[in-house]
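So for the sequence shown, numbering that gives the first Met the number 0 puts the first residue at 0; every next one is plus one.
Glycine is no exception: its CB is placed at the ideal position from the N, C-alpha and C atoms.
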Amino acid sequence: MAASSLLPDQETIERIGRSNPPSEPQPALHLAKLDFSILQQCIHCGMCLPTCPTYDATKLERNSPRGRIALMRSIAEGKLGVTRAFGEELYFCLGCLACETACPAGVEYATMFEEARADIEHAGVLNTPKRSAVRWFALRVLFTRPRLLRAVGRLLRWYQASGSEWLVRRMKLTALLPADLRALEPLTPRVQPRFSDALISKNEMPAKESAARHTVGMLTGCVQDLVYPHVNRDTVDVLLANGCAVITPRAQFCCGSLHAHNGDLEASRAMARQNIDAMITASGSLEALDAIITNAAGCGSHLKHYDRLLSDDRDYAEPARAWSRKIRDIHEWLAEIGIAPPPRTESGRVTYHEACHLCHGQKISRAPRELLRMIPGIELAELPEATWCCGSAGIYNITQPEMSRRLLMRKLNRIESTGAAVVASANPGVRDRKMNVEVVHPVTLLARAYRRGSKVAAEKPS
Ligand code: SF4
Ligand code: SF4
Numbered sequence: 000m001a002a003s004s005l006l007p008d009q010e011t012i013e014r015i016g017r018s019n020p021p022s023e024p025q026p027a028l029h030l031a032k033l034d035f036s037i038l039q040q041c042i043h044c045g046m047c048l049p050t051c052p053t054y055d056a057t058k059l060e061r062n063s064p065r066g067r068i069a070l071m072r073s074i075a076e077g078k079l080g081v082t083r084a085f086g087e088e089l090y091f092c093l094g095c096l097a098c099e100t101a102c103p104a105g106v107e108y109a110t111m112f113e114e115a116r117a118d119i120e121h122a123g124v125l126n127t128p129k130r131s132a133v134r135w136f137a138l139r140v141l142f143t144r145p146r147l148l149r150a151v152g153r154l155l156r157w158y159q160a161s162g163s164e165w166l167v168r169r170m171k172l173t174a175l176l177p178a179d180l181r182a183l184e185p186l187t188p189r190v191q192p193r194f195s196d197a198l199i200s201k202n203e204m205p206a207k208e209s210a211a212r213h214t215v216g217m218l219t220g221c222v223q224d225l226v227y228p229h230v231n232r233d234t235v236d237v238l239l240a241n242g243c244a245v246i247t248p249r250a251q252f253c254c255g256s257l258h259a260h261n262g263d264l265e266a267s268r269a270m271a272r273q274n275i276d277a278m279i280t281a282s283g284s285l286e287a288l289d290a291i292i293t294n295a296a297g298c299g300s301h302l303k304h305y306d307r308l309l310s311d312d313r314d315y316a317e318p319a320r321a322w323s324r325k326i327r328d329i330h331e332w333l334a335e336i337g338i339a340p341p342p343r344t345e346s347g348r349v350t351y352h353e354a355c356h357l358c359h360g361q362k363i364s365r366a367p368r369e370l371l372r373m374i375p376g377i378e379l380a381e382l383p384e385a386t387w388c389c390g391s392a393g394i395y396n397i398t399q400p401e402m403s404r405r406l407l408m409r410k411l412n413r414i415e416s417t418g419a420a421v422v423a424s425a426n427p428g429v430r431d432r433k434m435n436v437e438v439v440h441p442v443t444l445l446a447r448a449y450r451r452g453s454k455v456a457a458e459k460p461s
């Protein structure tokens, strides 16, 4: 079949690009400025189609990477305008980047996707008063102010720990929520009593200071800081056990991926500048660091592109390039420096779910498995469809609850089939209240093994 016949048919293009009341088609600003070589990379071969969860669900060309790219290119060329239907299409996309991994032509889908969403937001084709208010509060207020985010986190913690949440559920008051939020309510993450700065000192050295072979900066994240601060502590412990001195800036900001993936590139750039400044303040200079460590897959995928994000910024282009050279996902860094074998055993069957933005966004697939295999006693059971998206995808489970739930159920069934009691993943989104397995970050399993080993060593009679 000729490649051109595989593109979205003219009727679909016209429907999405032109005739979609009530919004009038708007010209593209961001896509039109994109380097045209990126927009024309797609050779329409279709190899990405079987890997795309939305195409798999609907079998519609417009819900496929190839269809979306054709639409984005037509919009960049001015043949079509930005319409409401185009906006809905791009927000139906999970941004999982499975298409990038599958693509033999090296398509940079993530770049086009971010620019397309920026065009959608600029055109305002999806705007409603409620959506605009939620976006403004989340993107411009809550996730740009770490202190406010923590205050909201403490409030949520109080609600969860004081019994109020129990009472609300017991009285079935959650039934008053809209249907989509009601389904999500049980998945509300548990806010921890202490955040990263209470668990990690600004400067930490390996037990024998002379054993410090590397100096690294540590990123603690925003939601990660509230919900998984213990994973940050585990990361620091594993780094210390492997000869890294760790500098953790006190004032850290959201990495900006939430903003970039939701069409607010301006706020994303502001977040990037603030994080670069914070790391320079804490370390003296980025050059003093061998690496800057992140343990959150979605953040890491975005943090590595600060150079691209700030390429036109006269003051920050150079620091952003240095930043991008230094950023390492924790698995990647540990594989690079080589780790001390964990001295004692964890035991049991563990399966590994590949977070989209680790395997597709950062192309890190082998290192986490190798680290897990180094832990004596762990039996690693391969997860069928390990790289298939779990449906969490940032706030996708809020914006597209039905599709998200469908993907989560598919993932949970695959996990069940392995018989594993533990799922290791750099994406904590793989969870469900009915699921009888523990979800942990691989670095947590490693930290537990090191701690158990040092405890056993400490207990040995001299
Ligand atoms: S990012 Fe994921 S959902 Fe979107 S087009 Fe690519 S494979 Fe499909
Ligand atoms: S695999 Fe790449 S080149 Fe082929 S259709 Fe998909 S995006 Fe285009």
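Residue i burial status per 10 Å Cβ neighbour count (16 or more: buried)
{"i": "P49", "result": "exposed"}
{"i": "G347", "result": "exposed"}
{"i": "I397", "result": "exposed"}
{"i": "M217", "result": "buried"}
{"i": "G105", "result": "exposed"}
{"i": "R272", "result": "buried"}
{"i": "L444", "result": "buried"}
{"i": "M170", "result": "exposed"}
{"i": "P163", "result": "First, the residue type needs correcting, since residue 163 is Ser and not Pro in the sequence shown. So S163 ends up on the exposed side."}
{"i": "W387", "result": "buried"}
{"i": "A446", "result": "buried"}
{"i": "L308", "result": "buried"}
{"i": "R365", "result": "exposed"}
{"i": "E88", "result": "buried"}
{"i": "R130", "result": "exposed"}
{"i": "V245", "result": "buried"}
{"i": "M270", "result": "buried"}
{"i": "A287", "result": "exposed"}
{"i": "N412", "result": "exposed"}
{"i": "K410", "result": "buried"}
{"i": "G94", "result": "buried"}
{"i": "V140", "result": "exposed"}
{"i": "M408", "result": "exposed"}
CA nearest to the CA of residue i, picked from the options
{"i": "K32", "options": "I74, V167, G66, E401", "result": "I74"}
{"i": "I414", "options": "M46, V151, T350", "result": "T350"}
{"i": "L465", "options": "R232, R168, P177, R169", "result": "Because the chain spans 0 through 461 in this model, residue 465 falls outside it and cannot be assessed."}
{"i": "L148", "options": "R212, G376, V167, L225", "result": "L225"}
{"i": "A448", "options": "C355, G242, I275, M373", "result": "M373"}
{"i": "E99", "options": "F91, A109, Y90", "result": "A109"}
{"i": "N261", "options": "E381, V436, E113", "result": "E113"}
{"i": "R156", "options": "R193, E184, P185", "result": "R193"}
{"i": "Q251", "options": "E401, V230, C221", "result": "C221"}
{"i": "V190", "options": "D55, P400, Y158", "result": "Y158"}
{"i": "P26", "options": "D118, E107, R451", "result": "D118"}
{"i": "Y305", "options": "L38, A366, A56, D276", "result": "D276"}
{"i": "P24", "options": "E120, L172, T143, P367", "result": "E120"}
{"i": "E384", "options": "P52, F35, V230, D34", "result": "P52"}
{"i": "P188", "options": "E107, R116, Y227", "result": "Y227"}
{"i": "D314", "options": "R268, I377, G283", "result": "R268"}
{"i": "A281", "options": "T143, D312, T247", "result": "T247"}
{"i": "R144", "options": "A266, Q40, V237", "result": "A266"}
{"i": "K303", "options": "L172, M204, R324", "result": "R324"}
{"i": "M204", "options": "H229, D236, S195", "result": "D236"}
{"i": "A211", "options": "I336, V230, Q39, T57", "result": "I336"}
{"i": "G152", "options": "E107, Q223, L186, A178", "result": "Q223"}
For residue j and residue i, believed in contact at Cβ under 8 Å, the rounded distance
{"i": "N426", "j": "S391", "result": "6 Å"}
{"i": "K201", "j": "R146", "result": "Actually they are not in contact, since the Cβ atoms of K201 and R146 sit about 18 Å apart, beyond 8 Å."}
{"i": "V421", "j": "V442", "result": "With a Cβ gap of about 14 Å, V421 and V442 do not count as contacting."}
{"i": "V215", "j": "C254", "result": "The pair is not a contact, with the Cβ atoms about 17 Å apart (cut-off 8 Å)."}
{"i": "D289", "j": "H213", "result": "4 Å"}
{"i": "M71", "j": "L138", "result": "Contact flag wrong, Cβ pair sits at about 22 Å."}
{"i": "M465", "j": "I37", "result": "Residue 465 cannot be examined here, being either before or after the span of the chain that is shown, 0 to 461."}
{"i": "L334", "j": "E381", "result": "The amino acid occupying residue 334 in the given sequence is Ala; Leu does not appear at that position. Wrong, their Cβ atoms sit about 19 Å apart, outside the cutoff."}
{"i": "G86", "j": "L257", "result": "Incorrect: roughly 18 Å between the Cβ atoms, too far for contact."}
{"i": "L96", "j": "C355", "result": "6 Å"}
Residue i CB to nearest heavy atom of ligand 3 below 8 Å
{"i": "M46", "result": "What this structure holds is ligand 1 and ligand 2, not ligand 3."}
Considering only residues of the segment 347-382, which uninterrupted beta strand (DSSP E) runs meet the minimum length of 3 residues and lie entirely inside it, listed in chain order?
347-351, 377-380
Would the segment 36-50 count as touching the segment 60-75 if we require 3 or more Cβ pairs under 8 Å?
yes
Within the chosen definition, does the segment 289-307 reach the segment 323-336 through at least 3 CB pairs nearer than 8 Å?
yes
Counting Cβ pairs closer than 8 Å, one from the segment 302-322 and one from the segment 350-359, do we hit at least three?
no
Determine contact between the segment 67-87 and the segment 115-127, defined as no fewer than three beta-carbon pairs at a distance below 8 Å.
yes
Pairs of beta-carbons, one from the segment 334-342 and one from the segment 365-383, closer than 8 Å: are there three or more?
yes
For the segment 222-248, which segments carrying the beta strand (DSSP E) assignment without a break, of at least 3 residues, lie completely within its bounds, in sequence order?
243-246
Every unbroken alpha helix (DSSP H) inside the segment 76-140 [4 residues or more]
83-91, 97-101, 108-122, 128-134
Ignoring anything shorter than 4 residues or poking outside the segment 187-225, list the alpha helix (DSSP H) runs there in chain order.
195-198
Taking only runs that begin and end inside the segment 254-305, name each unbroken alpha helix (DSSP H) of 4 or more residues, in chain order.
256-260, 264-282, 296-302
3 or more residues per run - each beta strand (DSSP E) lying fully within the segment 389-429:
421-423
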